[in-house]
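Below is one structure, written out as structure tokens, with a few remarks after it.
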Amino acid sequence: MARPPLPAIILGAAGLLPFFAGALAVHGMLPGVSSPFTGVLILQSYGAAILAFMGGCLWGFAARAGRTSWREMGFSVIPALWATSATFLPSALVTLMLGFVALFIIDLLFHRWHLCPDWWITLRLPLTIGVLVSLTAGVLL
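The opening residue of the sequence shown carries number 24 in the numbering used here; numbering runs sequentially from there.
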């Protein structure tokens with residue numbers, strides 16, 4: 024697989040920082056944040072926003088390629104719907120974890136259908152792992 028462009032690597036890694044901050048806050052390891060609830064709130068809100076954002080990326084890939092069938096468009100809205108639903112559930116962090124796993128499966132489908140850049144999966148795999156580790160840390164409160 025192709026190597027992702029440097030801006031995508033740097034900005035993708037920067038996008039993990041709020042996840043890491045939330046995980047640290049949950050365990051009382053983020054200076055200035057004394058409540059584990061704040062860490063959970065960071066993980067929930069940022070996790071939902073990023074999951075929805077990633078669905079928007081998929082929508083953009085499909086639209087740019089002129090692939091606007093129910094299949095491509097339908098798969099691209101799943102992350103946003105999942106993220107919104109997760110915010111209302113008592114098990115929001117676990118639901119978000121499942122959402123990010125589902126997102127990666129959709130990423131693989133979009134790669135298979137030649138809708139995303141060749142480097143997309145190479146970028147998404149470590150980012151997905153970072154997100155899942157952070158959310159797991161939040162669940163293990």
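Each residue gets a CB set at the ideal place from its N, CA and C atoms; glycine is no exception. As the structure is a prediction and not an experimental result, all values here were calculated from the model.
Check                                                                                                                                              : Outcome
Given a threshold of 16 other Cβ atoms within 10 Å of its Cβ, counted over all protein chains shown, does F76 qualify as buried or as exposed?     : exposed
When the Cα of L116 is compared with those of R26, P27, L29, F42, which residue comes out closest?                                                 : F42
With respect to the alpha helix (DSSP H) encompassing C80, which residues constitute its N-terminal and C-terminal limits?                         : 59–87
Rank H50, T145, S108 by C-alpha distance to the C-alpha of R26 and give the top, closest one.                                                      : T145
A71: which of L121, P140, M96 sits nearest, CA to CA?                                                                                              : L121
Could you tell me if F111 is buried or exposed, where buried requires 16 or more neighbouring beta carbons within 10 angstroms of its beta carbon? : exposed
Out of V154, L74, G161, A88, point me to the one whose CA is closest to A109's CA.                                                                 : L74
Let me check understanding here. Comparing Cα to Cα, which of S114, L66, A85, P113 lies closest to V100?                                           : A85
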